[in-house]
Amino acid sequence: MTLATPVIRISDVGGYEALFHAHFDGMVRFASLLGADDAADVAQEAFVRLHRRRHTLRDEAAALPYLRRTVANLTRSRQRHLGVVQRVLSRSTVEHHPSAEDSAVGADERNRVLLAIMRLPARQRELLVLRYWLDLTGPEIAATLGLPLGTVKSGTSRALDALARLMET
Amino acid sequence: MDSLLREALSSRAGAVPAAEDAWTENSRRVRRDARLRTTGAGLVVALVATGGVLGFRLVHEPGRGEPVPVQPAGSQAPAAP
Chain A
1 MTLATPVIRI SDVGGYEALF HAHFDGMVRF ASLLGADDAA DVAQEAFVRL HRRRHTLRDE
61 AAALPYLRRT VANLTRSRQR HLGVVQRVLS RSTVEHHPSA EDSAVGADER NRVLLAIMRL
121 PARQRELLVL RYWLDLTGPE IAATLGLPLG TVKSGTSRAL DALARLMET
Chain B
170 MDSLLREALS SRAGAVPAAE DAWTENSRRV RRDARLRTTG AGLVVALVAT GGVLGFRLVH
230 EPGRGEPVPV QPAGSQAPAA P
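Which chain is which? The protein sequence lines are A and B, in order.
By the numbering used here, the letter at position 22 of the first sequence is numbered 22, and the numbering carries on one by one without gaps.
Every position in the second sequence, counted from 1, becomes a number in the numbering used here once 169 is added.
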């Protein structure tokens, strides 16, 4: 017997709140990985926009891609308009609090990867985060970013090449 | 490369601190958003109504509000054709 995950209907009373509590922290992390200067603010704005559209989005399955796309768009837009990429880059190295895991061998390597990811163009960074952090499939990424599947595949491949080149330099 | 990428992203995501009082802040933002949208919709209705009234008058009551020429006292009325 399989246990079906309960479906959260956003337009139901309490549905939006349940969705918020289930996914807000994840959206903050997502925005942070994309290089948002104020990840919590981006996530809050994405949820406000979701609330506006709660009657047109059926349930959690429809809401999550919408939230991720909104977070990605808001982050890209803020970076473009505020010119904060450099600030985020320097801050991400300063604010990284080393955990016990970090003290192990490989922390340096991870930091190099993170710095290289932050130097990628926004779209390539989005593709890698969706693929390697959220473990989304090609079609899911295509639906999230509103791109054709072929563009997602070629873009991910180019992003990996660019990442490897950046790590060599 | 794949596993290194996954590890790096997970480690960075794990270092992001959880936001405090996020739900309270979201409720405040949602209320403000609803208020702004209601105000905006009210302004649009007022503008459309004003435009409609002015447009109606322009079409159906031409000359309304323009000064009416006054015949000076004692002058002859124009001869009837």
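By construction, the Cβ of each residue, glycine as well, lies at the ideal position given by its N, Cα and C atoms.
- Judged by DSSP in its simplified three-state form, residue 78 of chain A adopts helix.
- Interface annotation, residue 25 of chain A: in contact with chain B, CB-CB separation under 9 Å.
- When the five nearest sequence neighbours on each side are left out, the beta carbons in the same chain lying within less than 7 Å of the beta carbon of residue 75 of chain A are those of 31, 34, 35, 36 and 42, in order along the chain.
- For residue 213 of chain B, not one C-beta of chain A is nearer than 9 Å to its own C-beta.
- Sequence-distant Cβ neighbours of residue 139 of chain A in its own chain, meaning closer than 7 Å and more than five residues away, are 149.
- By the Cβ-count criterion, residue 168 of chain A is exposed, with fewer than 16 other Cβ atoms from all chains shown falling within 10 Å of its own Cβ.
- Against residue 132 of chain A, the close residues of chain B are 171, 174, 175 and 178, in the order they occur along the chain (beta-carbon pairs closer than 8 Å).
- Pairing residue 155 of chain A with residue 134 of chain A gives a Cβ-Cβ distance that is not under 9 Å.
- The count of Cβ pairs closer than 8 Å, one atom from the region 183-196 of chain B and one from the region 18-31 of chain A, reaches three, so the stretches are in contact.
- Using a Cβ-Cβ cut-off of 9 Å, residue 206 of chain B counts as an interface residue toward chain A, since at least one Cβ of chain A sits closer than that to its own.
- No Cβ-Cβ contact shorter than 9 Å links residue 82 of chain A with residue 50 of chain A.
- Distance between residue 164 of chain A and residue 10 of chain A, taken at the CA atoms: about 41 Å.
- In the structure shown, the three-state DSSP call for residue 202 of chain B is helix.
- Cβ neighbours of residue 209 of chain B within its own chain (closer than 7 Å, five residues either side excluded): none.
- Residue-level contact by beta carbon holds for residue 188 of chain B and chain A, with a gap shorter than 9 Å.
- Within chain B, the residues placing a beta-carbon under 9 Å from that of residue 109 of chain A are 173, 176 and 177, ordered along the chain.
- The region 111-122 of chain A makes contact with the region 175-185 of chain B, as at least three CB pairs between them are under 8 Å.
- Residue 39 of chain A and residue 124 of chain A have their alpha carbons spaced roughly 19 Å apart.
- Counting along the chain, the unbroken alpha helix (DSSP H) around residue 110 of chain A starts and ends at 107-119.
- By the neighbour-count criterion, in which a residue is buried when 16 or more other Cβ atoms sit within 10 angstroms of its Cβ, residue 71 of chain A is buried.
- The alpha carbon of residue 60 of chain A has as its nearest neighbour, out of A/52, A/77, A/15 and A/145, the alpha carbon of A/15.
- The C-beta of residue 181 of chain B comes closer than 9 Å to at least one C-beta of chain A.
- Judged by their CB atoms, residue 144 of chain A and residue 68 of chain A are nearer to each other than the 9 Å cut-off.
- Between residue 129 of chain A and residue 188 of chain B, the CB-CB gap reaches or exceeds 9 Å.
- Straight-line measurement puts the Cα of residue 73 of chain A at about 21 Å from the Cα of residue 58 of chain A.
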